[in-house]
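See below for the structure under consideration.
Residue numbers (mature numbering (1 follows the signal peptide of the UniProt record, and there is no 0)): -24 to -1, 1 to 331.
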């Protein structure tokens, strides 16, 4: 090949490349990659700044990020920057107390970083709106996810319990907690902060108003062990209304105020539920004898109580009962549990032999 032919060949190749013949394949491959980067940031998000929940809508134009964030009911415009090579997302908004800077890493649909205002910073976490906060696989409650505490809350019948307060408590720092609440399916997902010392323990508490009385009931957890944030944990809770709880019970304590002339341990009490129990489940008719002046571990609810005296070698006798505040004796009394600082969850009534 002579030199003129070689020059013409090189010029033709350069012209084809300039006109797009040599760029067709690379250009086609680059478009999906750019779309993927855009979709990484674009869209609606939900998350937390420490214990405060927020929602955000972000839009990516090149490396520039714009949009808005809603915190405590107020909307603020945001501006920021996305660095696709490192996965770092930074955005700011002007709060009434100053400029807030949010900075962290966005990977696999999960953002983890810090929220800084006037030199004070708190953990900042967010995920795609519509997904439980912090869960890369929100429907998988079998295996742990790093920096996530997740699980379920059910009652003794296996039904989901919504609206239960759940938390992760740091074992090193005083009053450092990550708070959450179960959804309609009794599920919860809490995002744990990064870069914090110490391990974490899970806890839960059920708040309700039953028979016009407010109740706060602790729940049984399947694993009380502390865990590290970088490993994450799955913890399942059960709302129990009876059964052993160490040296105590999950149920309430009944205190009969006995009369005289009979052996207290020979009185048989029958508890008939009036409506559902405190956890919403149906109760059962219970027959119990008192021991050491109390009847322990009665599922928390409302009951109609009757009593029979069963003396040795003699006929059974129906007892008389009344409420502690009432004046009229009868063959039954209706009781509902309450919480007393000294005695815990309890109910009481008066009982005597008929006169």
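For each residue, glycine too, the CB sits at the ideal point set by N, CA and C.
Collapsed DSSP secondary structure at residue i in the structure displayed
| i | result |
| --- | --- |
| residue 241 | helix |
| residue 142 | strand |
| residue 17 | helix |
| residue 201 | coil |
| residue 48 | coil |
| residue 331 | coil |
| residue 211 | coil |
| residue 233 | strand |
| residue 300 | coil |
| residue 54 | strand |
| residue -1 | With a pLDDT of only 33 at residue -1, under the threshold of 50, the placement of this residue in the model should not be trusted; the figure read from the coordinates follows. In the structure shown, residue -1 sits in a helix (DSSP, three-state: H, G or I). |
| residue 261 | coil |
| residue 323 | strand |
| residue 223 | coil |
| residue 253 | coil |
| residue 136 | strand |
| residue 290 | coil |
| residue 121 | coil |
| residue 307 | coil |
The beta strand (DSSP E) enclosing residue i, as first and last residue numbers
| i | result |
| --- | --- |
| residue 149 | Note, residue 149: premise wrong, no beta strand (DSSP E); not H, not E. |
| residue 117 | Note, residue 117: premise wrong, no beta strand (DSSP E); not H, not E. |
| residue 102 | 96 to 104 |
| residue 176 | 176 to 186 |
| residue 82 | 74 to 83 |
| residue 62 | Premise fails: residue 62 is in no beta strand (DSSP E) and is neither H nor E. |
| residue 281 | 278 to 285 |
| residue 269 | From DSSP, residue 269 is part of no beta strand (DSSP E); its letter is neither H nor E. |
| residue 172 | Looking at the DSSP string, residue 172 is not in any beta strand (DSSP E), and its letter there is neither H nor E. |
| residue 365 | Here the chain has residues from -24 to 331 only, and residue 365 is not among them. |
| residue 29 | 28 to 37 |
| residue 216 | That residue, residue 216, is in no beta strand (DSSP E); it is neither H nor E in DSSP. |
| residue 161 | Unbroken run through residue 161: none, as it is neither H nor E. |
| residue 86 | 86 to 93 |
| residue 192 | 189 to 194 |
| residue 127 | 124 to 131 |
Same chain, Cβ closer than 8 angstroms to residue i, neighbours up to 5 away in sequence not counted
| i | result |
| --- | --- |
| residue 119 | 210 |
| residue 189 | 312, 313, 314 and 315 |
| residue 32 | 20, 21, 22, 23, 43, 44, 45, 46, 54 and 102 |
| residue 333 | This structure leaves residue 333 out entirely; the chain is present only between -24 and 331. |
Nearest-angstrom Cα separation, counted from residue j out to residue i
| i | j | result |
| --- | --- | --- |
| residue 200 | residue 224 | 17 angstroms |
| residue 289 | residue 260 | 30 angstroms |
| residue 156 | residue 59 | 31 angstroms |
| residue 323 | residue 228 | 8 angstroms |
| residue 166 | residue 136 | 18 angstroms |
| residue 99 | residue 26 | 5 angstroms |
| residue 42 | residue 57 | 9 angstroms |
| residue 258 | residue 176 | 35 angstroms |
| residue 222 | residue 193 | 16 angstroms |
| residue 198 | residue 124 | 17 angstroms |
| residue 182 | residue 191 | 8 angstroms |
| residue 96 | residue 30 | 18 angstroms |
| residue 143 | residue 17 | 29 angstroms |
| residue 244 | residue 195 | 30 angstroms |
| residue 335 | residue 65 | With the chain covering -24 to 331 only, the question about residue 335 has no answer from this structure. |
| residue 162 | residue 239 | 47 angstroms |
| residue 319 | residue 213 | 25 angstroms |
| residue 117 | residue 127 | 6 angstroms |
| residue 274 | residue 248 | 11 angstroms |
| residue 207 | residue 145 | 15 angstroms |
| residue 293 | residue 235 | 14 angstroms |
| residue 317 | residue 131 | 25 angstroms |
Neighbourhood of residue i by C-beta distance below 7 angstroms, restricted to the same chain and skipping five residues each side
| i | result |
| --- | --- |
| residue 63 | 81, 82 and 83 |
| residue -24 | Low local confidence applies: a pLDDT of 48 at residue -24 is under 50, so the model's placement there is unreliable, and no value is given. |
| residue 308 | 280, 281, 282 and 297 |
| residue 187 | 278 and 312 |
| residue 48 | 28 |
Same chain only: Cβ atoms within 6 angstroms of residue i, ignoring 5 sequence neighbours per side
| i | result |
| --- | --- |
| residue 296 | 305, 328 and 330 |
| residue 87 | 80 and 102 |
| residue 104 | 85 |
| residue 52 | 45 and 69 |
| residue 264 | 245 and 271 |
| residue 256 | none |
| residue 310 | 280 |
Nearest-angstrom beta carbon gap, residue j and residue i [assumed within contact, 8 angstroms]
| i | j | result |
| --- | --- | --- |
| residue 138 | residue 158 | 5 angstroms |
| residue 129 | residue 184 | Actually they are not in contact, since the Cβ atoms of residue 129 and residue 184 sit about 13 angstroms apart, beyond 8 angstroms. |
| residue 141 | residue 180 | 7 angstroms |
| residue 93 | residue 71 | 6 angstroms |
| residue 233 | residue 325 | 7 angstroms |
| residue 278 | residue 251 | 6 angstroms |
| residue 231 | residue 216 | The pair is not a contact, with the Cβ atoms about 21 angstroms apart (cut-off 8 angstroms). |
| residue 78 | residue 89 | 6 angstroms |
| residue 174 | residue 149 | 6 angstroms |
| residue 168 | residue 205 | 4 angstroms |
Any C-beta of chain C under 7 angstroms from that of residue i
| i | result |
| --- | --- |
| residue 217 | Absent from the structure: chain C. Only one protein chain is present. |
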